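**Student:** Numbering (our numbering), first residue to last: 49 to 192.
Ideal placement from N, C-alpha and C gives every residue a C-beta, glycine not left out.
For clarity, every value in this text was computed on a predicted model and none was experimentally measured.
Handing you a structure now.
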Amino acid sequence: MHPKPKSGTSSDGRPMHFSVGAVIRKDGKYLLIDRVREPFGFAGLAGHVDEGETPEEALIRETEEESGLKVVSHALLFEEEVLWNYCGAGVGSHYWYLYSCEVEGKERKEDGEAKSMGWYTPAEMKNLKMEPVWEYWFRKMGVL
Ligand SMILES: [Zn+2]
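Set out below in structure tokens:
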């Protein structure tokens, strides 16, 4: 896959960022953080693709930065422009690469992105306030 720039233009002509997300499942539970920053809610590990970085590199880096976990394998679930997904930098559309990940290590809350980090069953997730884009992904996966 070719490197993608962090910034681009959405299909409707607005500034767009590129993002990666990690779906990490263990024993029927998903690893979620309760986000410190907007957009608030429970979310998978995620972040921007930096300039000159491939989505896979960003996935591995963000997962490590946010959780300390090492991605040992990954599979692309969805690749999609989300025109209604904003970030703290005020950019209102994001092009997402969402991956299912196998990881090694013990998760630890890192780098100030999360109020908490934990493993949740789909039944528990139905009672959480999910970050909208993650509610969208988990619905699309048939988890919610
Ligand atoms: Zn952004």
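1. Can you grab the Cα-Cα spacing for the pair Arg85 / Gly136, in whole Å?
2. Assuming Ser67 and Ala94 make a contact with CB atoms under 8 Å, what is their CB distance in whole Å?
3. Check the C-beta distance from Ser115 over to Glu158 and give it rounded, since I have them as a contact under 8 Å.
4. Could you check if Thr111 is buried or exposed, using at least 16 other CB atoms within 10 Å of its CB as the buried criterion?
5. Going by beta carbon distance, what residues of the same chain come within less than 8 Å of Ala162, once the five residues before and after it are set aside?
6. Am I right that Val181 and Asn133 are in contact with their C-beta atoms under 8 Å? What's the rounded C-beta distance?
7. So, for Phe186: in the same chain, excluding its five sequence neighbours on each side, which residues have a beta-carbon less than 6 Å away from its beta-carbon?
8. Over what stretch of residues does the beta strand (DSSP E) that includes Arg109 continue unbroken?
9. If we ignore side chains and look at the alpha-carbon of each, how far apart do Thr169 and Asp75 end up?
10. Do Arg73 and Ser148 come within 9 Å of each other at the CB atom, strictly closer than that value?
11. Threshold first: 3 residues or longer. Then list the beta strand (DSSP E) segments lying entirely within the stretch 58 to 96, N to C.
12. Please return the same chain residues whose Cβ sits closer than 7 Å to the Cβ of Ala239, not counting the five positions on each side in sequence.
13. Please confirm whether any heavy atom of ligand 1 lies closer than 8 Å to the CB of Val139.
14. Work out the CA separation of Asp98 and Ala106 for me, nearest whole Å.
15. Run the CB neighbour count on Ser59, radius 10 Å, all protein chains shown included, and call it buried at 16 or more, exposed below.
**Tutor:** Concretely, from the data shown:
1. On the sequence shown, residue 85 is found 37 positions in, with the first residue counted as 1. On the sequence shown, residue 136 is found 88 positions in, with the first residue counted as 1. Roughly 7 Å between the two C-alpha positions.
2. Taking the sequence shown and counting its residues from 1, one reaches residue 67 at position 19. Taking the sequence shown and counting its residues from 1, one reaches residue 94 at position 46. Contact flag correct, Cβ pair sits at about 6 Å.
3. Residue numbering aside, residue 115 sits at position 67 when the sequence shown is read from its first letter. Residue numbering aside, residue 158 sits at position 110 when the sequence shown is read from its first letter. Right, their Cβ atoms sit about 6 Å apart.
4. Here residue 111 refers to the residue found at position 63 of the sequence shown. Classification for Thr111: buried.
5. Taking the first residue of the sequence shown as 1, we reach residue 162 at position 114. Once the five neighbours on either side are set aside, the close Cβ partners of Ala162 are Ile81, Asp82, Arg83, Val84, Glu114.
6. One-based indexing of the sequence shown puts residue 181 at position 133. One-based indexing of the sequence shown puts residue 133 at position 85. Contact holds; Cβ gap of about 5 Å.
7. Numbered from 1 along the sequence shown, position 138 holds the residue referred to as residue 186. Leu192.
8. One-based indexing of the sequence shown puts residue 109 at position 61. Taken as a continuous stretch (DSSP letters only), Arg109 belongs to no beta strand (DSSP E), being part of the alpha helix (DSSP H) at 103 to 115.
9. Translated into the one-based positions of the sequence shown, residue 169 becomes position 121. Translated into the one-based positions of the sequence shown, residue 75 becomes position 27. Each residue's alpha carbon lies about 9 Å from the other.
10. For the purposes of this step, residue 148 is taken as the residue at position 100 of the sequence shown. For the purposes of this step, residue 73 is taken as the residue at position 25 of the sequence shown. In this structure, Arg73 lies closer than 9 Å to Ser148 by Cβ.
11. Within the stretch 58 to 96, the complete beta strand (DSSP E) runs of at least 3 residues are 63 to 74, 77 to 83, 93 to 96.
12. With the chain running from 49 to 192 in the structure shown, residue 239 is simply not present.
13. Walking along the sequence shown from the start, residue 139 turns up at place 91. Yes - ligand 1 has a heavy atom lying nearer than 8 Å to the Cβ of Val139.
14. If you number the sequence shown from 1, residue 106 lands on position 58. If you number the sequence shown from 1, residue 98 lands on position 50. Spanning the two alpha carbons is a distance of roughly 7 Å.
15. Reading the sequence shown from its first residue, position 11 is the one you call residue 59. Exposure of Ser59 is indicated by the presence of fewer than 16 other C-beta atoms within 10 angstroms of its C-beta.
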